[in-house]
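S.K.: Here's a structure for you.
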Amino acid sequence: MDTVSIVLLVFLILILLLLILLAMAAVKCQDKCNLLEEGNKKLLEDCEQANKDKERLTSENNQLRQDNEKIKTECDGRTKALLSQVQKFVSDRLEDYKDFKESCLEMMELRNENVKNLFVDQSQTFTAKHVTHLFDTNMLFLQKGIEYEVQRTEKALRKGADQMFPSPNCADATVLPIYSSEQSHNAA
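Going by this note's numbering, the residue at position 179 of the sequence shown is 184; the numbering climbs one at a time, nothing skipped.
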């Protein structure tokens, strides 16, 4: 064998080795490419799942917003209704107390008028017993009138409270007792 043949043979072997190395590199590249494709498929699946989850969560969030708005609207309505009931209750009680005050003033005026008439009409002769009896009668009349008004107002308050708070949770709630003048005298 001559030198040229040996050089050609070595050159051929080198080319063959280079081809083998290129084939191995191509196989490795193909494996990596396959791995990347699988990774891409997995990422695409994860992205699709994330989009589905996002749509589901958006839908749930919208539903929760709607429910929240509905609850807020209902709560506002109930609050307004309760405030309206409380205002009506207080207004009714104020009217009752105004009536009560007017009745008391009328009775006191009537008593004062009777006492004034007692001293103006001098044609009649009154003894101390007559005056005492007149005072006692007027005071008893005033006392009974006030007791009646207090009881009427207490009944109205209880009735209003029962109408306003019919819930069983408030069943044990009671209106504080209003003492009549006899009870306050007994307490003293």
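Ideal placement from N, C-alpha and C gives every residue a C-beta, glycine not left out. Note that the structure is predicted; figures quoted are calculated from it, not measured.
Tell me the rounded alpha-carbon separation between Arg-211 and Thr-84.
M.R.: There is simply no residue 211 to check, as the chain begins at 6 and stops at 193 in what is shown.
S.K.: On the CB-based measure, 16 or more other CB atoms within 10 Å of its CB, does Asn-143 come out buried or exposed?
M.R.: Asn-143 should be labelled buried.
S.K.: For Arg-61, which residues of its own chain have a beta-carbon under 7 Å away from its beta-carbon, when the five flanking residues on both sides are left out?
M.R.: Contacts found: none.
S.K.: Does DSSP classify Asp-7 as helix, strand or coil?
M.R.: If DSSP states are grouped into helix, strand and coil, Asp-7 belongs with coil.
S.K.: Just how far apart, CA to CA, sit Leu-181 and Glu-74?
M.R.: Here Leu-181 scores only 46 on pLDDT, less than 50, and its place in the model is too uncertain to base an answer on.
S.K.: Using the C-alpha atoms, what's the distance from Lys-149 back to Asn-117?
M.R.: Near 16 Å, if we compare the C-alpha coordinates of Lys-149 and Asn-117.
S.K.: Determine the closest residue to Leu-145 out of Lys-164, Met-113, Glu-159, with distance taken between C-alpha atoms.
M.R.: Checking every option, the nearest Cα to that of Leu-145 belongs to Met-113.
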